[in-house]
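Here is the structure we will look at, set down as structure tokens.
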Amino acid sequence: MKIRNREEAVKAQLSMTSMIDIVFLLLVFFVMTFKIVELEGDFSVRMPLAGSESVTMDPTDLPLVLRLQADSQGKLTSMSLNEKFLGTDFDQLRANVVSLIGSSTPIEGDDGPEIEIDTDYNLRYEYVIRSITAVSGYKDGNEVVKLIEKIKFAKPRR
Amino acid sequence: MRVKAKKVDLAEGDLTPMIDMTFQLIAFFMVLINFAQTESNDRVKLPSSQLVKPPEAPLEFPIILHVAQDGEIILGGDSYTPETLRVGLRREIAVITAEDKSVEDANVVIRAHKDTAAGDVQEVIRVCQEQKLENFALRVKEDRT
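Printed below as a string of structure tokens:
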């Protein structure tokens, strides 16, 4: 039997508009809040208040003293390690530290060598970090060779 | 003459590839988004060093001190000077001691601007030392060059 007037099949179709609206809103939100995070790390320094340590210090175990001098603009003008003038070259500072403590056997923990940083008040902090980087180690390929881990600051110079 | 009405087809593009891409973009940004931005401060540009690595485990009981270029200290959103910092530190220490921990367990994270005077950072350390804090972490940016 032939059927006439057959109804046209209705296409089932979802309305995409609201979904796309929400999806774009989400996208805009994430794009706006996106921020590339810079990787950060720490130089860990243990500095108890001077004089609070009960152990008497061995006079032969005096820390190395790094003196940093600045001009009125806060720029580094000279460095000296144990009174030895080093100019402003951080590589020379590192080489001197290596020659003073020896690079073959880095001693970890509390028994390692210690350095005291005595800086002019107005020296830019960036130079202090660069000097800490120079004395605390160097990169050998991907490996970090440690030198001095115990760092302390002298009293601030006004 | 009789004109037959023609059915007009809705012109409709294929939305599937666009939605695919949009979902991929959303997934990308969702994975990379970092809400933990509370540690950073817009007024502080950290110095960089090649030797530091991002810590594998977060520090215990961190007290984060931002030191801006002009020497202003920011702790928990409040501004301090070296003279008034003691008050803010005592508040932080009270929280730590309330958790049955000693002051020595706290880690002071110093995020100082690279052009700030080194003496200002030393003053911050001195005030912290007076409050019996002794573990310091000088925060720097990792330099990968």
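Sequence order for the protein chains is A and B. Under this note's numbering, read the first sequence as residues -5 to 152, first letter to last. Under this note's numbering, read the second sequence as residues 834 to 978, first letter to last. Even for Gly, the Cβ is constructed at its ideal location relative to N, Cα and C.
Alpha carbon to alpha carbon, how far is Ile859/B from Phe28/A? Ile859/B and Phe28/A have their C-alpha atoms spaced approximately 11 Å apart.
Return the Cβ separation of Ala901/B and Thr949/B in integer angstroms, given the expectation that the two are a contact with Cβ distance under 8 Å. 7 Å between Cβ atoms; contact.
Range covered by the alpha helix (DSSP H) that runs through Asn90/A: Segment 84 to 95, the alpha helix (DSSP H) holding Asn90/A.
Interface residues of chain B around Val129/A at Cβ under 7 Å? Taking a Cβ-Cβ threshold of 7 Å, none of the residues of chain B is close to Val129/A; the smallest such distance is about 10 Å.
Taking the alpha-carbon of Ala970/B as reference, which of Ser882/B, Gly909/B, Ile897/B has the nearest alpha-carbon? Looking at the Cα atoms, Ile897/B is the closest of the given residues.
Grouping DSSP H, G and I as helix and E and B as strand, with all else coil, what is Met73/A? In the structure shown, Met73/A sits in a strand (DSSP, three-state: E or B).
In three-state DSSP terms, what is Tyr121/A? In the three-state reduction of the DSSP assignment, Tyr121/A falls in the helix class, which pools H, G and I.
For Asn940/B, which residues in the same chain have their Cβ closer than 8 Å to its Cβ, ignoring the five residues on either side in sequence? Hits under 8 Å: Leu892, Glu893, Phe894, Pro895, Ile896, Asn968, Phe969, Ala970.
Chain-order list of residues whose beta-carbon lies under 7 Å from that of Glu956/B (same chain, five-residue window excluded): The answer, listed in chain order, is Pro915.
Taking only three categories from DSSP, how would you classify Gly952/B? The answer is helix: DSSP assigns Gly952/B an H, G or I state.
Would you report the Cα separation of Asn874/B and Phe862/B, rounded to the nearest angstrom? Each residue's alpha carbon lies about 22 Å from the other.
Where do the N-terminal and C-terminal ends of the alpha helix (DSSP H) with Ala931/B fall, by residue? Where Ala931/B is concerned, the enclosing alpha helix (DSSP H) starts and stops at 918 to 931.
Which residues DSSP lists as bridging Gly81/A, in chain order: Met73/A, per the DSSP bridge assignment.
Is Val31/A helix, strand or coil by DSSP? In the structure shown, Val31/A adopts coil according to DSSP, grouped into three states.
CA nearest to the CA of Asp65/A, picked from Asp134/A, Val17/A, Thr82/A: Comparing alpha-carbon positions, the option among Asp134/A, Val17/A, Thr82/A lying closest to Asp65/A turns out to be Thr82/A.
Report yes if the C-beta distance between Pro42/A and Gln962/B is below 8 Å; otherwise report no. Judged by beta-carbon spacing, Gln962/B lies within the 8 Å limit of Pro42/A, meaning their Cβ atoms are closer than that value.
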